[in-house]
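FYI, the numbering for the sequence shown is 5 to 152, going by my numbering.
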Amino acid sequence: MKVTEVKIFPVDDDKLKAFVSVVLDECFMVNDIKVIQGRDGRFISMPSRRKRNGRFKDIAHPLNSDTRQMLEEEILDEYDHVIEGRQRRSERIAEAAADNGDGDERTAESPRRSEPEPARERPTDDSPEAGTLEEVTEKHLSDTFWTS
Numbered sequence: 005m006k007v008t009e010v011k012i013f014p015v016d017d018d019k020l021k022a023f024v025s026v027v028l029d030e031c032f033m034v035n036d037i038k039v040i041q042g043r044d045g046r047f048i049s050m051p052s053r054r055k056r057n058g059r060f061k062d063i064a065h066p067l068n069s070d071t072r073q074m075l076e077e078e079i080l081d082e083y084d085h086v087i088e089g090r091q092r093r094s095e096r097i098a099e100a101a102a103d104n105g106d107g108d109e110r111t112a113e114s115p116r117r118s119e120p121e122p123a124r125e126r127p128t129d130d131s132p133e134a135g136t137l138e139e140v141t142e143k144h145l146s147d148t149f150w151t152s
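1. I need the straight-line Cα distance from D81 to E9, nearest angstrom please.
2. Between S94 and E88, what straight-line distance do the alpha-carbon atoms span, to the nearest angstrom?
3. Pick from K6, L28 and N35: whose alpha carbon is nearest that of F13?
4. Using 8 Å as the Cβ pair cut-off and three pairs as the minimum, do the region 35–49 and the region 69–84 touch?
5. Check for me: the beta strand (DSSP E) holding G89 runs from which residue to which?
6. With a 10 Å radius around its C-beta and 16 neighbouring C-beta atoms as the bar for buried, classify I37 as buried or exposed.
7. Going by alpha carbons, who is nearest to V39 out of G58, M33, E30 and D18?
8. Quick one: what's got a C-beta closer than 8 Å to E30's C-beta in the same chain, skipping five residues either side?
9. With a cut-off of 8 Å on the beta carbons, I'd call R72 and P66 a contact; round off their distance for me.
10. Is E9 helix, strand or coil by DSSP?
11. Going by C-alpha distance, which of R53, V86 and N57 is nearest A22?
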């Protein structure tokens with residue numbers, strides 16, 4: 005099994021860092037995976053549903069630790085890549101505003117690019133800012149297999 009696509013939907017929250025959709029072998033999609041910041045670092049949480057007794061039960065999950073580790077590495081690597089790209093864009097916008105001398109954000113929205121962005125293996129969410137949890141949830145749910 006191979007992860008053929010990872011789509012990251014960053015969230016501006018303390019613990020929840022992103023929603024994730026993955027495509028496996030170009031034929032099976034799993035939505036609502038979460039990137040969580042825990043005490044001991046980041047980890048992924050598989051999609052789950054609350055049962056009547058209040059406990060959560062995974063809807064989809066890896067059956068062994070090797071598959072979980074492979075999936076987590078792919079997702080966290082892509083998450084890091086998306087976040088680094090957002091930071092570079094923010095820095096370029098700040099530099100452009102400083103170059104203008106007046107900090108006018110209207111002229112800083114389209115900064116000059118001194119070097120091209122590296123080619124991407126997998127598509128990601130390229131919006132300039134992380135949204136609120138509600139905005140990201142709405143975008144995530146509207147950008148699924150069923151609406152394409």
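Glycine included, every Cβ here is placed at the ideal spot set by N, Cα and C.
The structure says:
1. Their backbone Cα atoms lie some 12 Å apart in a straight line.
2. 10 Å
3. N35
4. yes
5. That residue, G89, is in no beta strand (DSSP E); its alpha helix (DSSP H) goes S69 to N104.
6. buried
7. Cα-wise, what sits closest to V39 is D18.
8. Result list for E30: T8 and E9, in chain order.
9. 4 Å
10. strand
11. Of the listed residues, the one whose Cα sits closest to A22 is V86.
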